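Worksheet: the structure to be examined is printed underneath.
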Amino acid sequence: MSILNKKTKQKIAFTIFRILGLLVVGILFWILGFIIYNGIGVISWDFLTTAPSEGMTSGGIFPTIVGTLCLVAGSVIVTFPIGVLSAIYMNEYAGNGWVVKFIRVMTNNLGGIPSIVFGLFGMALFVNTLGFGDSIIAGSCTLGLLVLPLIIRTTEEALKAIPDSFRTGSLALGATKLQTICKVVLPMAFPNIITGLILSIGRVSGETAPILFTAAAYFLPKLPNSIFDQVMALPYHLYVIATSGTDIEASRPIAYGTALVLIAIVLLMNMLATSLRRYFGRKVRTS
1 MSILNKKTKQ
11 KIAFTIFRIL
21 GLLVVGILFW
31 ILGFIIYNGI
41 GVISWDFLTT
51 APSEGMTSGG
61 IFPTIVGTLC
71 LVAGSVIVTF
81 PIGVLSAIYM
91 NEYAGNGWVV
101 KFIRVMTNNL
111 GGIPSIVFGL
121 FGMALFVNTL
131 GFGDSIIAGS
141 CTLGLLVLPL
151 IIRTTEEALK
161 AIPDSFRTGS
171 LALGATKLQT
181 ICKVVLPMAF
191 PNIITGLILS
201 IGRVSGETAP
211 ILFTAAAYFL
221 PKLPNSIFDQ
231 VMALPYHLYV
241 IATSGTDIEA
251 SRPIAYGTAL
261 VLIAIVLLMN
271 MLATSLRRYF
281 GRKVRTS
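Quick note on numbering: our numbering labels position 142 of the sequence shown as 142, and the sequence is numbered without any gaps.
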């Protein structure tokens, strides 16, 4: 009788989990379907390759696409090496003392700070103190700080997943600690490290508050010439035309089209990063 009760409870639990999972997927497809239905009508080659015009009630979003890609690439270049090296230090060199525990606590706290606070900090440090002004480099550094805790945590977990026997075997064969990390540990952990990169790309692509004070321009229908120029960005452009444009009703279809393009860019970036993860994963398994 008790066995039947356990099986019944297990079936009920699995049914609930399955329903909740389908509910989450259903909500996702409902949101995507809503955006696609309202935004697909404005997607065209001109929309993707021309600049906004007539008070952003017509024209395209090409400068915003370029600006978003510049900010994402800049933030990854800034934060990925710092995050990976920090995780290597904490996991491979620092041991388990109070310093590492303190860094972990501060990293977790940093990850919980609202993005608007990062925007204000970036404006104070990068825009004003360092004199970068409203620019790509200021926005990239601010976005990099925003996702730095995520990079550190995922990289550290990836390094912890590598058995110590690989490190011991490498050292026993005469390799130095640095050689062991570079030739053994990092290649094996790299597919999981890419996970942090995927998550960070997805987050910085859609952030508005950090670039609001550091990089984004309200209306700038031209491409940047250097990393010290302002740019238009998809999330801020979407916010502007949806809430404070010159003619909100006329620009509503453009807002949906912009949202659709932003989702597509995030999806393509995630697919690219996932492909890299699978490539390095196969490389590790065959080596």
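We put the beta carbon where it would ideally sit given N, CA and C, even for glycine. Values in this document were obtained by computation on a predicted structure and should not be read as measured data.
Problem set entry | Residue environment, A13, which counts as buried when at least 16 other CB atoms sit within 10 Å | exposed
Exercise. The alpha helix (DSSP H) spanning C70 covers which residue range?
Worked result: F62 to I88
Problem set entry | Alpha-carbon spacing of S115 relative to E207, whole angstroms | 8 angstroms
Exercise. Touching or not, the stretch 70–77 and the stretch 239–257, by the rule of three or more beta carbon pairs under 8 angstroms?
Worked result: no
Problem set entry | Check whether I103 and A259 have beta carbons under 9 angstroms apart | no
Problem set entry | Which listed residue (E249, L262 and L159) has its alpha carbon closest to that of T195 | L159
Exercise. How do the stretch 140–152 and the stretch 176–190 stand: do at least 3 beta-carbon pairs fall below 8 angstroms, yes or no?
Worked result: no
For this session: Assign S135 to one of two classes, buried (16 or more other C-beta atoms within 10 Å of its C-beta) or exposed (fewer than that).
Result: buried
For this session: Spatial neighbours of I193 within its chain, please: CB distance less than 6 angstroms, with the 5 preceding and 5 following residues excluded, ordered by chain position.
Result: T155 and A158
Problem set entry | Within 9 angstroms, strictly: CB atoms of P52 and T64 | yes
Problem set entry | Buried or exposed by the 16-neighbour rule on C-beta atoms within 10 Å, applied to F62 | buried
Exercise. What's the call for Q10, buried or exposed, on a 16-neighbour Cβ count within 10 Å?
Worked result: exposed
Exercise. Where does S205 land, buried or exposed, given buried means 16+ other C-beta within 10 angstroms?
Worked result: buried
Problem set entry | Helix, strand or coil at G95 according to DSSP, with G and I counted as helix | coil
Exercise. Any idea what DSSP makes of S53, helix, strand or coil?
Worked result: strand
Exercise. Around the Cβ of I16, are there at least 16 other Cβ atoms within 10 angstroms (buried) or fewer (exposed)?
Worked result: exposed
For this session: Note down the Cα distance separating T8 from K101, rounded to an integer number of angstroms.
Result: 44 angstroms
Exercise. Around the C-beta of Q230, are 16 or more other C-beta atoms found within 10 angstroms, so that it is buried, or is it exposed?
Worked result: buried
Exercise. What residue ranges within the stretch 152–203 form continuous alpha helix (DSSP H) runs of no fewer than 4 residues, ordered along the chain?
Worked result: 164–172 and 177–180
For this session: Output the distance between the C-alpha atoms of M232 and T214, rounded to the nearest integer angstrom.
Result: 11 angstroms
Exercise. Which of the three DSSP states, helix, strand or coil, is assigned to G26?
Worked result: helix
Problem set entry | For S58 and L130, the rounded distance between their alpha carbons | 37 angstroms
For this session: Can you give me the Cβ contacts of L212 inside the same chain, cut-off strictly under 7 angstroms, excluding the 5 residues immediately before and after it?
Result: G119 and Y236
For this session: Using the Cα positions of I151 and A138, report the straight-line distance between them to the nearest angstrom.
Result: 19 angstroms
Problem set entry | Residues near M1 in its chain [Cβ-Cβ closer than 7 angstroms; skip 5 each side] | Only weak support exists for where M1 lies, its pLDDT of 48 falling under 50; the value from the coordinates is given anyway. Taken in chain order, the list of residues that qualify is empty.
For this session: Determine the DSSP secondary structure at M1, reduced to helix, strand or coil.
Result: Low local confidence applies: a pLDDT of 48 at M1 is under 50, so the model's placement there is unreliable, with the coordinate-based value given in what follows. M1: coil per DSSP, three-state reduction.
For this session: Would you mind sorting M289 into buried or exposed? The rule is 16 or more other CB atoms within 10 Å of its CB.
Result: Examination of residue 289 is not possible in this model, given that the chain is present from 1 through 287 alone.
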